[in-house]
Amino acid sequence: MADLTQLMENEVFMAFASYATIILSKMMFMSTATAFYRLTRKVFANPEDCAGFGKGENAKKYLRTDDRVERVRRAHLNDLENIVPFLGIGLLYSLSGPDLSTALLHFRLFVGARIYHTIAYLTPLPQPNRALGFFVGYGVTFSMAYSLLRNKLYL
Amino acid sequence: MADLTQLMENEVFMAFASYATIILSKMMFMSTATAFYRLTRKVFANPEDCAGFGKGENAKKYLRTDDRVERVRRAHLNDLENIVPFLGIGLLYSLSGPDLSTALLHFRLFVGARIYHTIAYLTPLPQPNRALGFFVGYGVTFSMAYSLLRNKLYL
Amino acid sequence: MADLTQLMENEVFMAFASYATIILSKMMFMSTATAFYRLTRKVFANPEDCAGFGKGENAKKYLRTDDRVERVRRAHLNDLENIVPFLGIGLLYSLSGPDLSTALLHFRLFVGARIYHTIAYLTPLPQPNRALGFFVGYGVTFSMAYSLLRNKLYL
């Protein structure tokens, strides 16, 4: 069996693994938040989900949309749209041998910005709180992409 | 050229590669399912997609939503929301040197649960079938995240 | 510290890193396009986003949907649905030791097809331009998945 311990002894890679796991766990929490609001507010998207609340026409009234649920879903989709590039670019960046302190700065800023974005979205805080969270995360990802393409471009 | 065969000789990594490829192929099948329902039911989101079915106002009547199409799209989005964390956390987990049988148990449960989730969503089966598929996949991913953060946390 | 330079000296892996970074940067551009159309057309999804355009009922009229904004959002979601499998399968494929010229052909076709898909979606070009972009990208990803599973299946 191959010796993979190499990779996990690399500090930048371990840091990436830790921060990526944290931000993905946060993203998964959004599913729970959606389920929580759907159940407490009785707002469902599928007929089979509200079959327990009544029969026939009585159950159909729960097939509706709700501001609170839609807000959580928008926050979740925004997470997906931004965490996917972070995962892809961040993984490749981690393997490209960056300086440890620079890499940590990128990972910490991204994770902090995305957590702040979620808080600003769900509270909701007035703008530009959410925009700030979004743009910091966006800038961090672009900074890693730029660093990758400048050093390692191979087309 | 570097010797990458190391990675592909690692059994846990090869198992992850196989299961990840299978579940991503399943997710891509959702696009085909959406296209199938859109074409057979003549339900489109873009004017240019139904231009072949008539001109002007006649074509516009196909710009509509349909329960069946929306159901497939919800299943697809739920896949994205759950398979992205599995990919990120699963990759890092595979590299962290877990026990082969434990890792296989995680991968098999996840892939089985997500396939069951899709069947339950598209049939549709009564609840809690879909919820069961969702929570098993969710639990597996959290279990890998927990294992990663306990052993390898580097912040 | 481990020697990761191995990975970045592998030409297939470097090519994958470059193309993946380019296509993820393109996907991130879709967020900017959405923001651009939301601001220039004054179309918002959250009350706090249009608070600056007026108070109370006056601001609420900007909480609406718009064809142009929805089109960009559909293009963005389609990107997510297709780029996530490319990232996962492409990464594993790159590590499986494929021929450099075959790998480059896959990466270039995928990136070209997705850029063409975006142009066809946002212009919009008549069908089957968008469908062509979609199916070329789809086929490339399946070709890599097939190559992976044929050579390296471990279940």
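First to last, the protein sequences are chains A, B and C.
Per the working numbering: the first sequence ends with 155, consecutive numbering throughout.
Per the working numbering: the second sequence ends with 1155, consecutive numbering throughout.
Per the working numbering: the third sequence ends with 2155, consecutive numbering throughout.
Just so it is clear, CB atoms sit at the ideal spot from N, CA and C, and this is done for glycine as well.
Chain C contact residues for A:G88, given Cβ-Cβ distances below 7 Å = Result: A2020, L2024 and L2087.
Which residues of chain C have a Cβ atom closer than 8 Å to the Cβ of A:P126, listed in chain order?
-> E2048 and A2051
Just mark B:E1009 as buried or exposed, buried being the case when its beta carbon has 16 or more other beta carbons within 10 Å.
-> exposed
State buried or exposed for B:R1073, treating a residue as buried only when at least 16 other CB atoms are found within 10 Å of its CB.
-> By the 10 Å Cβ count, B:R1073 comes out buried.
Can you tell me which of the three DSSP states B:A1063 falls into?
-> As written in the sequence, residue 1063 of chain B is Leu, which differs from the Ala given in the question. Reduced to three states, the DSSP call for B:L1063 is strand.
If you measure from the beta carbon of C:L2109 to each beta carbon in chain B, is any gap under 9 Å?
-> no
Determine whether the Cβ of A:M144 lies closer than 9 Å to any Cβ atom of chain B.
-> no
Should the segment 1043-1055 of chain B be regarded as contacting the segment 2125-2145 of chain C, the criterion being three or more beta carbon pairs within less than 8 Å?
-> Inter-segment contact for the segment 1043-1055 of chain B and the segment 2125-2145 of chain C is present: three or more beta-carbon pairs are separated by less than 8 Å.
Contact set between C:V2043 and chain A, taken where Cβ atoms lie within less than 9 Å = From the beta-carbon of C:V2043, no residue of chain A is found nearer than 9 Å; the closest lies around 14 Å away.
If you measure from the beta carbon of A:L91 to each beta carbon in chain B, is any gap under 9 Å?
-> yes
Residues in its own chain within less than 8 Å of C:F2142 by CB, not counting five upstream and five downstream?
-> If the five residues before and after C:F2142 are omitted, its C-beta is found closer than 8 Å to no C-beta atom of its own chain.
Using the beta-carbon of each residue, which ones in chain C are nearer than 9 Å to B:S1031?
-> The contacting residues are N2078, E2081, N2082, F2134 and Y2138.
Following the continuous alpha helix (DSSP H) through A:V12, name the residue where it begins and the one where it ends.
-> Counting along the chain, the alpha helix (DSSP H) containing A:V12 begins and ends at E11 to R41.
Kindly list the residues whose CB is nearer than 6 Å to the CB of B:Y1121, restricted to its own chain and excluding five residues on each side of it in sequence; keep chain order.
-> A1075 and R1130
Are the C-beta of A:A17 and some C-beta of chain B separated by less than 9 Å?
-> yes
Would you please state the rounded distance, in angstroms, between the beta carbons of A:G90 and A:M144? I believe it to be under 8 Å.
-> About 6 Å separates the two Cβ atoms, so the contact holds.
When the cut-off is 9 Å and only beta carbons count, does A:L63 lie next to chain C?
-> Cβ-Cβ to chain C under 9 Å: no for A:L63.
At a cut-off of 8 Å, is A:A113 close to the ligand SAH when judged by its beta-carbon and the heavy atoms of the ligand?
-> This structure lacks the ligand SAH; in fact it carries no ligand of any kind.
Kindly list, in the order they appear in chain A, the residues whose Cβ is closer than 7 Å to that of B:Y1154.
-> E11, M14, A15 and S18
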